[in-house]
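Heads up: the structure comes next, in structure tokens.
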Amino acid sequence: MRKLIITLMLLMTAVTAAGCQQRGREPNEGRGSDYTYDFIDYLDITVYGQNGLGYLEIRPKNITVSNFSSETDYIKVKHDLEDYNFYYIQGMRTPSSFTISQTTKLSNGDVVTITPKKKEIRSDMNIEAYDYVVEGLGDASVIDLFSSDLITIYALKDGTYGVYMNNNPQYSQELRDHLIYTVDTKDDPIPGQAVVHVKADLDEDFLKQQDCANITIYLAKHDQRASTETEKVLNQLIEPIDMSTANSGAIEAELYRELYKNDEYLAKICNIQQLERQRSSEPYTYTVVYYDSKDGVRTYYRKDVKIVAVDGNYQILSVTNGTKTEEAYATAPYDGATILIDYMFESSQPEQQETVEQETPETPQEDA
1 MRKLIITLML LMTAVTAAGC QQRGREPNEG RGSDYTYDFI DYLDITVYGQ
51 NGLGYLEIRP KNITVSNFSS ETDYIKVKHD LEDYNFYYIQ GMRTPSSFTI
101 SQTTKLSNGD VVTITPKKKE IRSDMNIEAY DYVVEGLGDA SVIDLFSSDL
151 ITIYALKDGT YGVYMNNNPQ YSQELRDHLI YTVDTKDDPI PGQAVVHVKA
201 DLDEDFLKQQ DCANITIYLA KHDQRASTET EKVLNQLIEP IDMSTANSGA
251 IEAELYRELY KNDEYLAKIC NIQQLERQRS SEPYTYTVVY YDSKDGVRTY
301 YRKDVKIVAV DGNYQILSVT NGTKTEEAYA TAPYDGATIL IDYMFESSQP
351 EQQETVEQET PETPQEDA
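1 is the number of the first residue of the sequence shown in the numbering used here; add one for each residue after it.
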């Protein structure tokens, strides 16, 4: 029995020593150097995020024939690199011809091994595994995406929930421009009582432009981190806008900003009307008449727009595709409708040209 215990202890000691030797190995120790080229020289490796929670990404560098001693070498290396497709983006692309030992939860000093899979290559290029040492990660600032200084959570009488975003300069304009909130709850919409579940995200098109799979990756690239879901208490129950006392200029500015997104030739918002049907069943929805001007030709349109007022600020929740309409409705109501604001006579943004130069004021983002 004693012999068995001693034998086991010796085996454990040997294994531990071997492990220590392996951990103590220098990065890239024994890696071949008798090659004309090396795959690692043609990669851009990026680490970002907080130390201990870092991320790694790989992109191929742009190469030209001028980087090589001959045109033949360039062609061979180019084809080999294309075959390996050394490209890894967090949550978006998974490599198939190489492996990465670790890409998340990285700390400074970690060794990440990039291993190309064995295959026949054309060039004299080193494709042995490469050890990349992580460095440069710092601390990320924690931001609150649900702070009352940033958002107000409200409900409408039609059962819709929304989030109004304040123009708080503590948060970047880019972030505020693309933040999207979703709200759901099982409670009745009673301010101060209803508990709502709120989720923050960034709009999908923007994430694609930034090469980010999600909001967490985007924040990490900007040295920030945040919770993206939480529970909050409902702040307000919003009444339909009283257009007789509303700030028509502020509403007009929001309409120009929103309508211009889908009509670059927008020239003039004519009026805001509301049908009796809308007033009774969709009290937050209005019909907006405007015209655009292309090559000197005016075309009139009508669109249904859902607008709310939150703390004296105006937010457009939705806009229909719209249809063409007659010029007469620029100054006259539709059957069963009432003109609530007439911009043909009382416009805070008078028409000076056929096209309107658009500004991009800091404005709230609507609930998805």
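Glycine residues also receive a C-beta, built at the ideal position from the N, C-alpha and C atoms.
Three-state secondary structure (DSSP) of residue 184: strand
Minimum C-alpha distance to residue 217 - residue among 47, 303, 323, 332: 47
Contacts around residue 50, its chain only, beta-carbon distance under 8 Å, and the 5 residues preceding and following it disregarded: So the list reads 137, 138, 139, 140, 220, 223, 225, once near-sequence residues are dropped.
DSSP state of residue 249 mapped onto helix, strand, coil: helix
Close beta carbons around residue 127, own chain, < 7 Å, minus the five adjacent residues each side: 39, 116, 121
Inside the stretch 128-203 only - alpha helix (DSSP H) runs reaching at least 4 residues: Listed in chain order, they are 173-178.
CB-CB length for residue 300 against residue 258, believed under 8 Å: Going by Cβ atoms, the distance from residue 300 to residue 258 rounds to 18 Å, so no, they are not a contact pair.
Element boundaries [beta strand (DSSP E), containing residue 317]: Counting along the chain, the beta strand (DSSP E) containing residue 317 begins and ends at 313-319.
CA nearest to the CA of residue 313, picked from 174, 35, 241, 305: 241
Pairwise C-alpha distance: residue 227 and residue 403: Not covered by the structure: residue 403. The range shown for the chain is 1 to 368.
Contact set for residue 357: own chain, Cβ-Cβ below 8 Å, skip 5 residues either direction: With a pLDDT of 45 at residue 357, under the threshold of 50, the predicted position of this residue should be treated as unreliable, and no value is reported.
Residue 84, enclosing alpha helix (DSSP H) - first and last residue: 71-84
C-beta atoms of residue 97 and residue 108 nearer than 7 Å: no
Candidates 88, 199, 168: closest to residue 44 by CA position: 88
Cβ neighbours of residue 230 in the same chain (closer than 7 Å, five flanking residues each side left out): 146, 198
Own chain residues within Cβ distance below 6 Å of residue 130, not counting five before or after: 40, 114
Outcome for residue 82 when other beta-carbon atoms lying within 10 angstroms are tallied against a minimum of 16: exposed
Cβ pair residue 306, residue 284 closer than 7 Å: Their beta carbons are under 7 Å apart, which means residue 306 touches residue 284 by this criterion.
Beta-carbon proximity list for residue 71, same chain, < 6 Å, skipping 5 on both sides: 65
Distance, residue 343 Cα to residue 180 Cα: Their backbone Cα atoms lie some 31 Å apart in a straight line.
Inter-residue CB distance, residue 100 and residue 53 (contact presumed, cutoff 8 Å): About 17 Å; that fails the 8 Å criterion.
Below-7 Å beta-carbon distance, residue 170 vs any chain B residue: No chain B appears in the structure shown, which is made up of a single protein chain.
Euclidean distance between Cα positions of residue 275 and residue 335: 8 Å
Continuous alpha helix (DSSP H) stretch holding residue 219: start and end: Looking at the DSSP string, the run of the alpha helix (DSSP H) that includes residue 219 is 215-221.
Residue 345 versus residue 256: straight-line alpha-carbon distance, rounded: 17 Å
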